[in-house]
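Numbering (the working numbering), first residue to last: 66 to 173.
Written out as structure tokens, the structure is:
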């Protein structure tokens, strides 16, 4: 996550935003799996949802323990960078699986 060092970042809001985007992505995938084009990849839907839910779990863990000392000793911006990198990879994989183009904006 790239930010201006003078601009404060509400990391809790960022974690929640990404968690909500993951939830929305699952809903869209489930809806699109019922379409004619979705029938091609619908049998992969459980695997796709599992991967997205994995990230939702990571985000929920960060939300639940926000401002607590964490065993991994990473700062919130570092955790957000790790998650964003992995979500970018996940988005590319989902686009390949569904035969869609990678969005020009950020993941999911």
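Every residue gets a Cβ at the ideal spot worked out from N, C-alpha and C, and that includes glycine.
From a predicted model like this one, the values you see are computed outputs, not experimental measurements.
Residue j beta carbon less than 8 angstroms from that of residue i
i, j, result
"residue 84", "residue 132", "no"
"residue 113", "residue 99", "no"
"residue 81", "residue 128", "yes"
"residue 42", "residue 92", "Because the chain spans 66 through 173 in this model, residue 42 falls outside it and cannot be assessed."
Inter-residue spacing [alpha-carbon to alpha-carbon] between residue i and residue j
i, j, result
"residue 90", "residue 164", "15 angstroms"
"residue 245", "residue 155", "The structure shown does not extend to residue 245, since the chain spans only 66 to 173, so no value can be given for it."
"residue 169", "residue 134", "36 angstroms"
"residue 159", "residue 119", "14 angstroms"
"residue 97", "residue 104", "9 angstroms"
"residue 151", "residue 102", "26 angstroms"
"residue 123", "residue 167", "23 angstroms"
"residue 174", "residue 162", "Shown here, the chain extends from 66 to 173; a query on residue 174 therefore has no answer."
"residue 141", "residue 130", "11 angstroms"
"residue 86", "residue 143", "20 angstroms"
Note to self: Would you call the segment 74-82 in contact with the segment 105-114, where contact means no fewer than 3 C-beta pairs closer than 8 angstroms?
What the structure shows: no
Note to self: If we require 4 or more residues per run, which alpha helix (DSSP H) segments fall completely within the segment 85-131?
What the structure shows: 110-129
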